[in-house]
Every structure is written in structure tokens, then in C-alpha cells.
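Here's the structure, in C-alpha cells; my notes come after.
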């Protein structure tokens, strides 16, 4: 038997009534303790998104994996997460967000431990897929719990802290991962989730209170789940394979993307006919909610796509270790930690539109500013652009989340949370794949020209052109027959210059996308029922 939220009815005016959360007594259901319990679980999943990237080289060496195998350590997780998020949100709406959150925590920790015990790359990938599925249960439920626990006047601040935890964990992943891999083992990157998961589970059992709307869904749209899952799988698979091996001109790529479009169309038609749809399309009649979803996609496109190249710039061009690279990203992390709660306070006072527009303008400025980075750029100059990026991202992470979840009714808060996370995953996958294609195209056109300009007497090696896509000068090249220090320096210069030209074009595209996102942000506004007053919350 699960506990039910106490719902009072407060007058909203001629339009009807708005639910008000009754004050909670004791530990269970206490808003700030709920935020703390939710934050532990969210931190585990967010940290895992970037910490594993640092462990990939060690996993490849230890298990003898191919490049494609290593890519699927990340891609399998991303695919499972993106496909399952909205369905997982619906499960929370139906069975309670407390239950789905706790199952997600337990499953994620168990899958992490299983990866650490795996002795083959196939098992690592399989358990990473399980991680993604359990992570999908956890993330929308976290937002549903926050929305159902906090009153309107404090919800933005809570989401601000929630966004701060995600941002700090995501950016801190390379530091933690570097320390663990260098001083312990790659398995420790996964084993660390087990004790964290146990702590999160204990706090969740003691503190979290189940909240359900009186008109929560009682049935499942099975065909809708299958259609949406197939559409998301086709979309993400096509994007991943286009960036990984097929290329954007491939018939296979467009077959999957075209199949995704058809499945989305079938899904939309079916949702208008079923009694209890997975995603009531009437949600998207809300222009602010729709704008929030688009904004989340564009923000993730620019941020995740751009951050992908920053890590290669720091380790390849600047020659920093994984730990040092993470340390150089501290201005980004620190600014997100500081500005996320402030963004929540600003959004509470002024509404989301101005902070969202300002955040995307700062993000665009950071992207355009990073075009000026060179091999000789100092730490201070880099830190300024990274800090500006963190300053821009914080209000967008907080504000877009509030716009999406705050403009959805209580009985669909889980679906709204899943929609927010799915938009972020799709945007991140698109950003990495599209900007990767932009990079590859620029490298292909610039490498031969840079090689000729450098006056290198031997023809260019195709393998060196591939190295230029990552800015990495192969260390073994120094021992090649006939290699002199001068020739090695020239080839290294060509690789770095070519990478920088490709990265500059990628950041230009990311900056343009951020400008478009700033325009989309002008269409956002606070959730209508959250405006009812300080005492009530449409949660």
C-alpha cells in the first residue's frame, strides 16, 4: 500500500481550482530532504554520462576491444536511455514516482557492479544498455517527485539546485574518472556507483513520499509505446551510425531517419485515437511547452557537441592528461554550481523568458569565443570562455526544465520529465554526430592543403588525416624510419592546425544553433498554474 499525497483545493478564480501541496510533517515528504535524496541518485547517473569516457581507453586495452566496440559502450547506454525515457515517465505517472525512482536507483547500481565484474566487451556493452534502461526510470521520476513536493514559489529554486547537481556531476566526470582510472582501475569507475546507489536507496526509502494525481492514468498505450520506442530507436541509431561509420550521404542513414519520421507520424495519428494516450498531443498546444522541448534539443546540440571537441582539444592539442583536462574545465563546473540556484531565483522572480534568452546569448558568445582558441591559448583565456559557457547553460537547464514540466498537468509530470530528458539526449546525439560530420568534412578539405603549406617532402598518410580529426599526434610516429625532430614537429603542426580549423567551423555551427535557441526562448513562459500565487502550485 502506497501513501497518497494530501491535496487541498484552493480557489484559482473563475477558471476553477488549482491543487496545493499540504505542508509535510516529519522526514517523509519533506521538500528539501526530498531534493537531497533525489540529488544523490541524479548525481550518480549524470556523473556516469562523462566519467565512462575517461575509462574507455583502459577498457579497450584490458579487454582487447575494437574502436567500434568502445563507441558502443557509450552508444548502447545513450540508445537505451533515449528510447525508454518517455515510457519510463509514464510508468512513474501510473505506479508512482517514488517506486520507479527506487527501482531505477537499485537497477542502475546493480548494473554498474555487473559491468565492473565483466570480463568481456560484450558483457560491458550489455550491462551498459541495462544501465540506460534503469537510468531512464530514475530521471523523469526525480522531476516528478520535485514537482509534486515543492510549492510554486520554491519549485524553480529546487529545479535550479537539481540542475546544478546535473551540471556539476557531468562536468566533474572527467576529473573523477581520471583519478580513478589512473590510481585504481577502470572497474572502479563503475564500482563507485554501488555504495552511492545504496546510500541513495536508503535515503529514498526513508524520505521519499509517493505522490499521485487523482486522475493519473490507469491503463497503458502499448501500441503507442512500441511506435514511439521504434521511432526513437531508429532516430538515435541513424544519428549514431551516421557519425560513426555510415556517413550522412549513406542510404542506410536516410533509411533509418526516414523510418523514424514515418513511425513518429504513425504514433501521432494513433495518439489521437487511443483513450489514454502515452503522450496526449494536446500538451503541445502549449506554445511554451513546445518551445521548451525545442530549446532543450538546441541547447544540448550546442553544449554536448561543443564539449566533445573541447576534451580532444585539451588532451590532443594542449597535451594535457585526463585529470588536467578535467581541472581545466573547472570554471565551467564552478559557474554552473554558482549560477544554477541564482538562475532559479531569477526565474521565480521574473519568469523564465529573460533568463533563458540571456543564457542562450551567453552560450552563443562562448561558442563563438572558442573559435579563437589556438594551440598557444593560455589557461586564463580558456577559462573565460568555459566560465561564460557555464553561465549560459545554468539558466537554460533550469528554465527549460521548469517550462516543460511546469506547463504539463500533474498526471503527466512523469511524461513531461521524460520528454525533457529525451529532448536533451536527442539534442546531444545530434550535436555530436552533426558537428562530428562538420569536423570530418573540414579536416578532409584542409589536411592536404596544410600538409603542402608545411613543405613536407613525403605524401600525406591517410592515418594521419584520421589523427587530425581528434587533434592527436601518434606518439609512435616519432620512432618511424627517417623521422627527424624537425619533420615530427611539422607533421604535428599540420595535425593540430587541421584539427583547430575543423573545431572552429564546428563551434561556428554550434554558435548559430545557440542563436536560434535564443530566438526560440522568446516563446517561453512560466507554467500557467504556477502563476496562481505564492500559496499554490500546479504540481
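Numbering (this note's numbering), first residue to last: 5 to 543. Just so you know, even glycine gets a beta-carbon here, dropped at the ideal spot from N, CA and C.
C-alpha gap between residue i and residue j, whole angstroms
i	j	result
residue 252	residue 287	33 Å
residue 298	residue 481	45 Å
residue 381	residue 426	36 Å
residue 430	residue 466	32 Å
residue 452	residue 328	32 Å
residue 449	residue 254	20 Å
residue 257	residue 266	14 Å
residue 534	residue 323	For residue 534, the predicted structure reports a pLDDT of 43, less than 50, and the residue's modelled location is therefore unreliable. The matter cannot be settled from this model.
residue 410	residue 523	20 Å
residue 469	residue 250	18 Å
residue 158	residue 337	24 Å
residue 527	residue 428	19 Å
residue 35	residue 517	36 Å
residue 445	residue 277	45 Å
residue 25	residue 31	Residue placement at residue 25 cannot be trusted, given a pLDDT of 44 that sits under 50; the coordinates are not used to answer.
residue 487	residue 462	11 Å
residue 79	residue 244	7 Å
residue 27	residue 154	Reliability fails at residue 27, whose pLDDT of 47 lies under 50, so the model's placement of it is uncertain and no value is given.
residue 239	residue 373	31 Å
residue 423	residue 224	17 Å
residue 193	residue 181	6 Å
residue 234	residue 485	52 Å
residue 514	residue 392	15 Å
residue 282	residue 476	46 Å
Beta-carbon proximity check, residue i vs residue j, cutoff 9 Å
i	j	result
residue 367	residue 521	yes
residue 112	residue 145	no
residue 118	residue 134	yes
residue 137	residue 84	yes
residue 401	residue 441	no
residue 45	residue 214	no
residue 492	residue 320	no
residue 87	residue 304	no
residue 525	residue 360	yes
residue 293	residue 408	yes
residue 185	residue 50	no
residue 371	residue 512	yes
residue 398	residue 363	yes
residue 132	residue 188	no
Reduced DSSP category for residue i - H, G, I as helix; E, B as strand; rest coil
i	result
residue 252	coil
residue 361	helix
residue 412	coil
residue 195	helix
residue 242	helix
residue 100	coil
residue 281	coil
residue 511	helix
residue 500	helix
residue 523	helix
residue 378	coil
residue 73	helix
residue 34	coil
residue 405	helix
residue 26	Bear in mind that the predicted position of residue 26 carries a pLDDT of just 45, short of 50, making it too unreliable to give a figure here.
residue 324	coil
residue 458	coil
residue 488	coil
residue 80	helix
residue 188	coil
residue 390	helix
residue 89	helix
Of the listed residues the options, nearest to residue i (C-alpha basis)
i	options	result
residue 395	227, 444, 340 and 49	340
residue 48	379, 359, 109 and 317	109
residue 126	76, 205, 362 and 301	76
residue 375	325, 314, 445 and 213	314
residue 142	275, 488, 234 and 204	204
residue 312	446, 432 and 302	432
residue 460	422, 445, 494 and 434	494
residue 309	242, 438 and 68	438
residue 455	90, 499 and 413	499
residue 504	519, 355, 317 and 373	317
residue 148	370, 420, 196 and 242	420
residue 102	69, 68, 150 and 90	150
residue 378	227, 497, 273 and 41	497
residue 301	434, 393 and 165	434
residue 383	38, 330, 98 and 206	330
Meets three-Cβ-pair contact criterion under 8 Å: the region 333-352 and the region 502-514:
no
Decide yes or no for the touch test of the region 61-81 against the region 172-183: beta carbon pairs closer than 8 Å, at least 3 of them.
no
With a threshold of 8 Å, are at least 3 pairs of Cβ atoms found where one atom belongs to the region 86-95 and the other to the region 198-216?
no
Quick test of the definition: if touching needs 3 or more C-beta pairs under 8 Å, does the region 260-280 touch the region 371-391?
no
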